[in-house]
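Structure first, commentary second.
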Amino acid sequence: MTINRAELADFLRHARERVSPADLGLPVGPRRRTPGLRREEVAQLAAMSADYYVRLEQARGPQPSPPMLAALARALRLTDDERDHLYLLAGHRPPAARATGDQVAPGLLHLLDQLAGTPAQVLSELGDVLAQNDTARALLGGVCTVSEHGRNVVWRWFTDPAVRAGYPVEEHGYLGRLHVADLRAASVRRAEEPAAARLVARLTGASAEFAELWERHEVAVRRRSRLRLVHPVIGPLELDCKVLIDPESDQRLELFTPPPGSAAADRLALLAAAV
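Dropping the structure here:
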């Protein structure tokens, strides 16, 4: 990514002019002719030199570092969307969404409650299963564990043969690559979090297959896929997996739906009625 100096300068100027000095406890005297903050005030709030900030607003400064951008975002009271826009204009990847831990985002939990007949589950960005509805548990198996990675879909795929037994053998290679490519994308976004590094290290030590796939450096955020499963009760079925990513958290909602007009629809309805 490259810095867009002209757009960055214009954005900083408009953001500075929108901040009320009074909101920051700064004096608003009769001599203040500038709307919002002065450049020197922004520089002071962001702990940088006034000359450095002036050059940014004049589209002739160096590329600011991510810590510098974080300081500017705080000084200018930017929203998360505005902060991400600032990073992109400066030629940097925006910071990852705040990790929410085991607490499922309220919006995703509400959606999960409305999808009684559709298998659905909430995962963290690293692949930890945080919540499932009854139909998802009946389809995929419930996950209840206190071990650090016991409910992680990538860990279970590469270390638990019982998980693979639910999928045709010819699908194993495809699904392994899918898991690893998605985890690599997430681990980069979560590079500053110890949990991501621990998961990758444990997987590398536990599975030669994972280690080999990890070395390929394939990257792909999982947004949709077609899955073929072999269920012990309703038999083989093909489902579409759609992933809805919550931009305000590190969580995602996975929905499993039958292709229109397929036999899987009737089998899934039987499964949903039984739970």
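Each number in our numbering corresponds to the 1-based position in the sequence shown with 1201 added.
Each residue gets a CB set at the ideal place from its N, CA and C atoms; glycine is no exception.
| Query | Result |
| --- | --- |
| Going along the chain, which residues of its own chain have a beta-carbon closer than 8 Å to the beta-carbon of N1353, five neighbours each way excluded? | L1327, G1328, D1329, V1330 and L1400 |
| Check whether the Cβ atoms of A1421 and D1383 sit closer than 8 Å, and answer yes or no. | yes |
| What residues in its chain sit with their C-beta under 8 Å from that of P1267, if we drop five residues either side in the sequence? | Y1288, H1293 and P1296 |
| Does DSSP put S1388 in a helix, a strand or coil? | helix |
| Looking only at its chain, what residues have a beta carbon closer than 6 Å to the beta carbon of F1344, apart from the 5 residues adjacent to it on each side? | Checking the displayed sequence, the identity of residue 1344 turns out to be Val instead of Phe. Closer than 6 Å at Cβ, skipping near neighbours: V1330 and R1352. |
| Is DSSP giving Q1245 helix, strand or coil here? | helix |
| Please name the residue, chosen from G1377, E1258 and V1431, that lies closest to A1409 on a Cα-to-Cα basis. | G1377 |
| Consult DSSP for L1327 and reduce its assignment to one of helix, strand or coil. | coil |
| Does the separation of the CB atoms of P1320 and F1212 fall below 8 Å? | no |
| Report, in whole angstroms, the separation of the C-beta atoms of L1472 and V1431, which I expect to be a contact under 8 Å. | Contact flag wrong, Cβ pair sits at about 13 Å. |
| From the DSSP output, in three-state form, read off V1444 for me. | strand |
| Look at the alpha carbon of A1398 and the alpha carbon of L1310, and state the distance between them as a whole number of angstroms. | 28 Å |
| Indicate whether A1272 and A1251 have their beta-carbon atoms separated by less than 8 Å. | no |
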